[in-house]
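To keep things clear, I will list the structure first and then write my remarks on it.
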Amino acid sequence: MITDATKERFALEVAKYPADQKQSAVMACLSIVQQEQGWVSAESEAVIADYLGMPEIAVHEVTTFYNMYNQQPVGKYKLNVCTNLPCQLRDGYKALHHLESRLGIKMGETTPDGMFTLQQSECLGACADSPVMLVNDRCMCSFMSNEKLDELIDGLKSAEGKV
């Protein structure tokens, strides 16, 4: 459910644009919902559409175009591995398959404990650093060898006290 506090945050974003262009804040509003709820539901999209005065389908098109918006609940740590061609040529799929094996899940799935969701990603814009991955849509990790992937997973588990 979208709270009044959330709508106040929406208003701060909308205020950055001319009054007749408030739909320009759609990405910011989606990000706010995701920060607060962990994902963007169809109901949240409808509230955003109403708030911004735009069709629900237009909000949904933005949600589905960008892989940074979760359309279903995800684990505490969302791991996006780039599998675009440059990263494929430099072991992007090898990194994805290593994580599948290490976590015991397939791409698109979440570990049973709800800690990790594994996704593939199109270009993350760091081809020279491949294989690359993005953790929780914020932290870019470069040159991700199997050893570095294991260190990342171990570090995240350790931080949660789940080692």
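The working numbering puts the sequence shown at residues 3 to 165. Idealized CB from N, CA, C, for every residue including glycine.
Counting only unbroken stretches of 3 or more residues, the beta strand (DSSP E) elements lying wholly within the stretch 65–135 are 79–84, 118–123, in sequence order. In this structure, the beta-carbon distance from glutamate 162 to methionine 117 falls below 8 Å.
The beta carbons of histidine 100 and leucine 151 sit closer together than 8 Å. Taking 8 Å as the cut-off, the Cβ atoms of leucine 105 and leucine 120 count as close. Given a length threshold of 4 residues, each whole run of the alpha helix (DSSP H) inside the stretch 42–68 is given here in chain order: 44–54, 58–67. Contact check for leucine 32 and valine 64: beta-carbon distance about 6 Å, within the 8 Å limit, so the pair qualifies. Below 8 Å, enough C-beta pairs join the stretch 19–37 and the stretch 51–66 to call them touching: three or more. When Lys80, Gln73, Glu10, Phe12 are compared, the shortest CA-CA separation from methionine 109 is found for Lys80. With a cutoff of 8 Å on beta-carbon distance, serine 144 and threonine 85 are scored as not near each other.
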